[in-house]
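Below you'll find the structure, written out as C-alpha cells, and then a few comments.
Protein chains in written order, with this note's numbering: chain C, 15 to 383; chain A, 15 to 383.
Next comes the structure, spelled out in C-alpha cells:
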C-alpha cells in the first residue's frame with residue numbers, strides 16, 4: 015500500500031487487480047461517482063441527477079457572476095466572455111447522449127484499477143448554449159495553430175502529475191464537430207457537479223472531451239501534451255503502449271431490466287408470458303441501424319425509434335415470451351456503418367471503449383405469482 | 015455463488031465479507047446508488063443530483079396526473095388525494111438533512127454484505143409539501159389503531175421475501191414528528207429517483223423512514239410486520255439478534271477535504287500554512303453543541319453556524335496550520351444531549367448507525383508548489 019507521501023512524490027503506479035474482487039479505492043470511486051439508474055432509460059431525457067457523473071478531481075467553487083472564459087494564447091484577437099455575454103449569443107438546445115470512455119471497465123479481464131463501471135456510465139441531457147466555432151473564428155487562431163486547448167478550473171494529481179483537467183481538439187475537428195459552449199442542462203443552469211457555470215459538450219465523443227468548469231481556451235502551434243490527452247484516454251494493447259486516442263462513442267445498447275429485482279444481487283424475477291422489453295442504443299453521431307434482443311442464443315430483431323436529434327440515443331422495443339426457468343437476456347446494436355457490438359469484450363489496458371452486449375439474468379417462475 | 019433461481023426460491027442469505035476487498039455485487043450497488051460529493055458540503059442545500067440516493071428496488075414509472083394517495087385500511091373516513099389536491103393544501107418548505115442508516119457500513123469489521131457506503135450517504139434538501147398529521151386526523155384512525163403504514167409503489171425481493179417497500183410510524187410518533195407529504199425538492203417537482211410524484215420526509219430520522227413513491231397510507235391495529243420494519247433497519251449485536259429499531263439520526267460530522275486530490279486514491283495535497291477548513295454537522299432534531307477538529311491527537315474547537323432550520327445541518331469551520339509531512343485530519347461533533355461521535359466505530363451486524371469521526375489523509379509538501 016502506497017503511503018500518502020508516495021502518492022504525491024514517488025508515483026507508485028496502479029495496483030494490480032484480481033477478477034471478481036475489488037479494492038477499497040475502487041469502491042470509494044464507485045461511491046463518489048454515479049451511474050445512470052437503468053430503469054430511467056424509459057425517459058428520452060435522463061432525469062437530472064440520474065445522468066452518469068465522473069469527477070476527476072474536486073468540483074470547483076466558481077461564481078457565475080464573476081466567472082470569465084478567456085480566449086488566450088495563440089489567438090490573434092484574444093478576448094474574454096462573462097456568462098451574460100455567452101447567454102446574449104445565439105442559443106442552441108441539443109439533446110446529446112454522453113458516455114464515459116471507461117464505461118464497462120469492470121467487465122474486462124484483467125481490469126484496470128480505476129473507476130469500476132459496469133454498464134451505467136451513460137445519460138442523455140438537453141444541453142443549452144452557443145456554438146463554439148464562431149467564437150474560435152472571432153478569436154482568429156494564429157497561422158500554424160495545431161490544437162485548441164480547453165482547460166477547466168479543476169486541479170489535481172493523476173499518476174503523480176499535477177495538472178488542471180485539459181483536453182484539446184484540432185481546428186479540423188472543431189470545424190467538423192458541433193461543439194457547444196454550455197451553461198444549461200435540461201432547462202436549468204448547470205449544476206455545480208456538471209460543470210457550472212460553463213463547460214463544453216462535444217457531441218458524439220466520449221465524455222472526457224466535454225471539459226467542465228471551462229476557464230480558458232487557447233490556440234497552440236504544437237500538439238497538446240496535457241495529461242488527459244496523451245497519458246490517458248488512449249486505447250492501449252499493453253500498459254507501455256503509446257496507444258491511439260479515445261474519440262467517438264462506439265455503438266452500444268442497454269435494456270431496462272424487466273420484472274422486479276432482488277435488492278442485493280439486482281437479478282430479476284419476471285412473470286411468464288408476453289413481456290414488453292425496451293431500451294436505448296447509440297453510436298455517437300452514427301445512426302443506429304438495428305438492435306437485436308437475445309434470450310440465450312436465440313435472437314430477435316427489435317423495433318427502433320430514432321432519437322430526438324443526431325446525437326441522442328434511439329429507443330428500441332421487443333416482445334419477449336418469458337418461459338419458466340433461468341434466462342440470460344442480451345441486447346446488441348449495429349450502427350449505420352456496419353459496426354456491431356461484440357458479445358465478448360475486447361481487452362483494453364485501461365478498460366476504455368468497452369461496448370460488449372448488455373446481459374441481464376432473469377428468473378421466470380412456473381406460475382404467475 | 016447462488017444461482018438466479020436460488021435467489022428467488024431458496025433465499026441463500028448474504029455472502030460473508032473480507033476486510034479490505036469487496037464483491038462484484040457490492041460494487042454494482044455502489045455504481046447504482048450514489049453518495050454526496052464531499053466538496054458540495056460548501057452548499058447549505060446540496061445541489062440536486064449530488065444528494066445521496068439509495069434505491070432499494072426499481073424507480074417506478076408513476077404518472078403525476080393520475081397518481082392517487084389512498085388513506086385506507088382502518089381509517090373511519092377513508093379518502094384519496096390527487097397531486098392537485100395535495101398542492102391545494104397548506105404548503106410548507108423545510109430544509110432537512112437526510113442520511114442513510116447504512117452510511118459508514120464499509121467501515122465496520124466484519125462488514126455486512128450490502129451497499130458499501132463509506133461516509134457519503136447524506137445530503138440536505140429543501141422539501142415542499144403539506145404536513146401529514148392533519149390528514150391522518152381527517153381520516154380518523156379507528157379506535158385501537160397501533161401503527162400507520164406507508165407503502166410505496168416500488169416492489170422487489172429482499173432476502174427471499176417479495177414485498178412493496180413499506181414502513182410504519184405509531185400515532186404517538188406522528189404526533190411528535192413533523193412528517194411532511196412531499197411533492198417538490200429544491201423548488202422543483204420531485205425527480206423520479208427521489209420519489210416522484212409523492213413521498214414522505216420524516217425529519218430527524220434516518221432515510222429509510224421517508225418512503226418514496228408513496229401510494230397508500232393505512233391504519234392497522236397490530237404492530238406492522240413489514241420486511242423493512244422488522245427484518246431490516248434494526249441495530250443487531252449478532253445476525254440472529256431480534257434487534258432494536260433504527261430511528262433518529264445519530265450525531266455526525268463531515269469535513270470538506272482540503273487541498274487538491276489524487277484522482278485514484280482521493281488522498282490530498284495541501285500547501286503549508288494557514289488553511290481554512292469547513293464542514294457540516296448534524297444530529298437529527300438535536301442541535302449541535304460543538305465540533306472538534308483533530309490533526310493526529312491534537313484537537314481544536316471549531317466555530318459553529320447553526321443550520322437554516324431545526325432539521326438542517328450546522329456549518330463549522332476552523333483554521334488549521336498545515337506543517338510539512340503526513341497528517342490524519344479528523345472531525346467529531348457533540349450534540350446538545352451530550353452524545354459525541356466515537357473515534358472508533360461501534361460494530362453493528364448490518365452496519366447501521368455508523369457515526370465514527372470522519373478521517374481525511376493529507377500530505378503537506380515542505381515548500382509551496
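Backbone N, C-alpha and C fix where the C-beta goes; we use that ideal spot for every residue, glycine too.
Next on the checklist: Once DSSP output is grouped into helix, strand and coil, what is the label at residue 71 (chain C)?
Outcome noted: Locating residue 71 (chain C) in the first chain gives position 57, where the first residue counts as 1. In this structure, DSSP gives residue 71 (chain C) a state outside helix and strand, which the three-state scheme calls coil.
Checklist entry - From residue 241 (chain A) to residue 195 (chain C), what does the alpha carbon distance come to, in whole angstroms? => result Residue mapping note: residue 241 (chain A) aligns to position 227 of the second chain, counting from 1. Residue mapping note: residue 195 (chain C) aligns to position 181 of the first chain, counting from 1. One C-alpha to the other measures close to 49 Å.
Item to check | Listed by chain order, chain A residues near residue 366 (chain C) by CB distance under 8 Å | outcome: On the first chain, residue 366 (chain C) is found 352 positions in, with the first residue counted as 1. Within 8 Å Cβ-Cβ: nothing; residue 366 (chain C) doesn't reach chain A, min ~15 Å.
Item to check | Whole runs of the beta strand (DSSP E) within the stretch 292–333 of chain C, excluding any shorter than 3 residues | outcome: 302–309, 312–315, 317–319, all fully within the stretch 292–333 of chain C.
Next on the checklist: Going by DSSP in three states, residue 366 (chain A) sits in which element: helix, strand or coil?
Outcome noted: Working through the second chain from its first residue, we reach residue 366 (chain A) at position 352. Correct three-state label for residue 366 (chain A): coil.
Item to check | Rounded distance between the beta-carbons of residue 347 (chain C) and residue 295 (chain C), thought under 8 Å | outcome: Translated into the one-based positions of the first chain, residue 295 (chain C) becomes position 281. Translated into the one-based positions of the first chain, residue 347 (chain C) becomes position 333. Taking the Cβ atoms as the reference, residue 295 (chain C) lies roughly 4 Å from residue 347 (chain C), within the contact range of under 8 Å.
Next on the checklist: Considering only the alpha carbon of each residue, which of A:282, A:311, A:41 lies closest to residue 176 (chain C)?
Outcome noted: Here residue 176 (chain C) corresponds to residue number 162 of the first chain, with the count starting at 1. The candidate whose alpha carbon is nearest that of residue 176 (chain C) is A:282.
Checklist entry - So the alpha helix (DSSP H) residue 40 (chain A) belongs to, where does it begin and stop? => result Taking the first residue of the second chain as 1, we reach residue 40 (chain A) at position 26. Run containing residue 40 (chain A): 38–46, per the alpha helix (DSSP H) assignment.
Checklist entry - Hey, quick one: how far does the beta strand (DSSP E) through residue 19 (chain A) stretch, first residue to last? => result Along the second chain, one-based indexing puts residue 19 (chain A) at 5. Looking at the DSSP string, residue 19 (chain A) is not in any beta strand (DSSP E); the run it does join, the alpha helix (DSSP H), is 18–23.
Next on the checklist: Can you confirm whether the stretch 162–174 of chain C touches the stretch 214–225 of chain C when touching is taken to mean that 3 or more C-beta pairs between the two stretches lie within less than 8 Å?
Outcome noted: Counting C-beta pairs with one atom in each stretch, the stretch 214–225 of chain C and the stretch 162–174 of chain C have three or more that are closer than 8 Å, which means they touch.
Item to check | Beta bridge counterpart(s) of residue 267 (chain C) as assigned by DSSP | outcome: Along the first chain, one-based indexing puts residue 267 (chain C) at 253. For residue 267 (chain C), which the question treats as bridged, DSSP gives the partners C:295.
Item to check | Beta carbon of residue 93 (chain A) nearer than 8 Å to that of residue 135 (chain A) | outcome: As a first step, residue 93 (chain A) must be located in the second chain, where it is residue number 79. As a first step, residue 135 (chain A) must be located in the second chain, where it is residue number 121. With contacts defined as CB atoms closer than 8 Å, residue 93 (chain A) and residue 135 (chain A) fail to qualify as a contacting pair.
Checklist entry - From this set, C:247, C:266, C:267, which residue's C-alpha is nearest residue 259 (chain C)'s C-alpha? => result Here residue 259 (chain C) is taken as the residue at index 245 of the first chain, counted from 1. The closest CA to that of residue 259 (chain C), considering only C:247, C:266, C:267, is found on C:247.
Checklist entry - Going along the chain, which residues of its own chain have a beta-carbon closer than 8 Å to the beta-carbon of residue 125 (chain A), five neighbours each way excluded? => result Along the second chain, one-based indexing puts residue 125 (chain A) at 111. Cβ neighbours of residue 125 (chain A) beyond the five flanking positions: 31, 33, 119, 365.
Item to check | Three-way DSSP call (helix, strand, coil) for residue 236 (chain C) in this model | outcome: If you number the first chain from 1, residue 236 (chain C) lands on position 222. If DSSP states are grouped into helix, strand and coil, residue 236 (chain C) belongs with coil.
Checklist entry - Apart from the five residues just before and just after residue 59 (chain C), which ones in its own chain have a Cβ nearer than 8 Å to its Cβ? => result Walking along the first chain from the start, residue 59 (chain C) turns up at place 45. The answer, listed in chain order, is 109, 138, 139, 140, 200.
Checklist entry - For a contact meaning CB atoms closer than 7 Å, what does residue 30 (chain A) contact in chain C? => result The residue labelled residue 30 (chain A) in the question sits at position 16 within the second chain. Here the premise fails: no neighbours, minimum Cβ distance about 13 Å.
Checklist entry - On the three-pair Cβ rule with 8 Å, is the stretch 287–304 of chain A touching the stretch 325–345 of chain A? => result Judged by pairs of C-beta atoms under 8 Å, the stretch 287–304 of chain A touches the stretch 325–345 of chain A, as three or more such pairs exist.
Item to check | Residue-chain proximity (residue 45 (chain A), chain C), Cβ-Cβ < 8 Å | outcome: For the purposes of this step, residue 45 (chain A) is identified with residue 31 of the second chain, where counting begins at 1. So yes, residue 45 (chain A) belongs to the interface.
Checklist entry - For residue 50 (chain A), which of helix, strand or coil comes out of DSSP? => result The residue you call residue 50 (chain A) lines up with position 36 of the second chain. Reduced to three states, the DSSP call for residue 50 (chain A) is coil.
Item to check | Residues of its chain near residue 249 (chain C), where Cβ-Cβ distance is below 7 Å and the 5 sequence neighbours each way are ignored | outcome: The residue given as residue 249 (chain C) occupies position 235 in the first chain. Excluding positions up to five away in sequence, the list reads 257, 258, 260, 362, 366, 367.
Checklist entry - Between which two residues does the alpha helix (DSSP H) harbouring residue 151 (chain A) extend? => result Within the second chain, the letter at position 137 stands for residue 151 (chain A). 147–153 is the span of the alpha helix (DSSP H), which, as asked, contains residue 151 (chain A).
Item to check | Within 7 Å of chain C by C-beta, residues of the stretch 274–299 of chain A in sequence order | outcome: Here the close residues are 274, 275, 276, 277, 278, 279, 280, 281, 283.
Checklist entry - For residue 145 (chain C), which residues from the same chain have a beta carbon less than 8 Å from its beta carbon, with the 5 sequence-adjacent residues on both sides left out? => result The residue you call residue 145 (chain C) lines up with position 131 of the first chain. 104, 106, 192, 193, 194, 195.
Checklist entry - From the beta carbon of residue 12 (chain C), is the nearest beta carbon of chain A less than 8 Å away? => result Nothing can be reported for residue 12 (chain C), as the shown portion of chain C is limited to 15 through 383.
Item to check | Where the alpha helix (DSSP H) through residue 186 (chain A) begins and ends | outcome: Translated into the one-based positions of the second chain, residue 186 (chain A) becomes position 172. First-last of the alpha helix (DSSP H) with residue 186 (chain A): 185–190.
Checklist entry - Residue range of the alpha helix (DSSP H) that residue 97 (chain A) falls in? => result Walking along the second chain from the start, residue 97 (chain A) turns up at place 83. Looking at the DSSP string, the run of the alpha helix (DSSP H) that includes residue 97 (chain A) is 97–101.
Checklist entry - Three or more beta-carbon pairs under 8 Å between the stretch 40–48 of chain C and the stretch 62–78 of chain C, yes or no? => result With three or more CB-CB distances shorter than 8 Å, the stretch 40–48 of chain C counts as touching the stretch 62–78 of chain C.
Checklist entry - Counting only beta-carbon atoms, is residue 165 (chain A) nearer than 8 Å to chain C? => result Numbered from 1 along the second chain, position 151 holds the residue referred to as residue 165 (chain A). The beta carbon of residue 165 (chain A) sits no closer than 8 Å to any beta carbon of chain C.
Checklist entry - Does the beta carbon of residue 158 (chain C) fall short of 7 Å from some heavy atom of the ligand SAM? => result Looking for the ligand SAM in the displayed structure turns up nothing, as the structure carries no ligands at all.
Next on the checklist: So, with DSSP's three-state summary, where would you put residue 283 (chain A)?
Outcome noted: To locate residue 283 (chain A), count along the second chain from 1; it is residue 269. Residue 283 (chain A): strand per DSSP, three-state reduction.
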